[in-house]
Amino acid sequence: MAESVRFHLWMLPGAAGAFLALAVLLMARRRRERRGSAALALLAASSGWWCGLQVLILGAPSLEAKVLLSRVQWLGIAATPPAWLLFSLDYAGLRERVPRIITAATLAPCIVTIGLAWTNGGLHRWLWTDARLLDPARPPGFRFEHGPWFDLQRW
């Protein structure tokens, strides 16, 4: 028999973050003529994606589902820092002063991280070295052991 989705209090912060990000995204879209609004919409979308997927990961019944959702979640995790930088530069009116090659270079770790998330396990273990279920009665009920690329990204 297939396991059902589990709901618990640990889902509330992620759900709140996703709904708040959606509200910011809609506000930024309505005020698109304002400085920084497009970059703020991108930031809200990426961070909302991150939060929303965290809720789904917490509720996923199997390790395979958690790993798959985690791979999808990395799209938002990896996109949030460059989106934050773009928003900061736009809002401060400094984007024109920073060479495009510099802002484009901030995307390189983002792209590498997404690629590593989708190939982790089969080709390497750079992003996480192990994923396992823990006691389902004690949230979050799973654990990822982080690998060297994750540790490098924390710096």
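Mapping the sequence shown onto our numbering, position 154 (from 1) lands on 200, and the numbers just tick up by one. All C-beta atoms, glycine included, are put in the ideal place defined by N, C-alpha and C.
Under 8 Å between C-beta atoms of residue i and residue j
i: E173; j: W195; result: Contrary to the premise, residue 173 reads as Leu rather than Glu in this sequence. Yes, the pair counts as a contact, with Cβ atoms nearer than the cut-off.
i: L121; j: I157; result: no
i: L88; j: L132; result: yes
i: A64; j: C97; result: yes
i: F188; j: G105; result: no
i: A74; j: S83; result: yes
i: A163; j: R117; result: yes
i: L81; j: G167; result: Reading off the sequence, residue 81 comes out as Arg, not Leu. No, they are not a contact pair.
i: G94; j: A111; result: no
Buried/exposed call for residue i, threshold 16 Cβ in 10 Å
i: I147; result: exposed
i: S108; result: exposed
i: P59; result: exposed
i: L99; result: buried
i: D136; result: buried
i: L102; result: buried
i: P128; result: buried
i: L169; result: exposed
i: T126; result: buried
Identity of the residues DSSP links to residue i by a beta bridge
i: R189; result: R178
(Q) Give the list of continuous alpha helix (DSSP H) stretches no shorter than 4 residues that lie fully inside the stretch 97-174. (A) Listed in chain order, they are 109-138, 146-151, 153-165.
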